[in-house]
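Reading through the structure tokens given below for one structure.
Residue numbers (the working numbering): 58 to 144.
What follows is the structure in structure tokens.
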């Protein structure tokens, strides 16, 4: 396996707040995002140039798709608003 997807929750597995997608392949890979308590927002994208690779506040609007394409040899980390509020 050269690409993987993990999601987790602070309290229940039915409501993930964190989603991390790893792509070790040499081509972009689409990942289907799990349903969450709110919209997913991209905070880390190691394929982006610094300083846009790691963001304390997301500059982009929430993702409107249930699929995220992760660039080759990169990591993408998404959070929901619930994860930032601790709920």
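Positions of the beta carbon are idealized from the N, C-alpha and C atoms, including for glycine.
This one's a predicted model, so the numbers in the text were calculated from it and none came from an experiment.
**Prompt:** Where in the region 70-120 do unbroken runs of the beta strand (DSSP E), each at least 3 residues long, occur, reported from the N-terminal end onward?
**Reply:** 75-80, 86-89 and 98-102
**Item:** Where the beta strand (DSSP E) containing residue 124 begins and where it ends
**Value:** 124-127
**Item:** Of the residues 100, 119, 125 and 114, the one placed nearest residue 80, counting alpha carbons only
**Value:** 125
**Message:** Distance check for residue 94 and residue 83, CA to CA, integer angstroms please.
**Reply:** 32 Å
**Message:** Whole angstroms are fine: how far does the CA of residue 114 sit from the CA of residue 130?
**Reply:** 24 Å
**With 16 other Cβ atoms within 10 Å as the buried cut-off, status of residue 85** = exposed
**Message:** Out of 127, 123 and 118, which one is the CA nearest neighbour of residue 104?
**Reply:** 127
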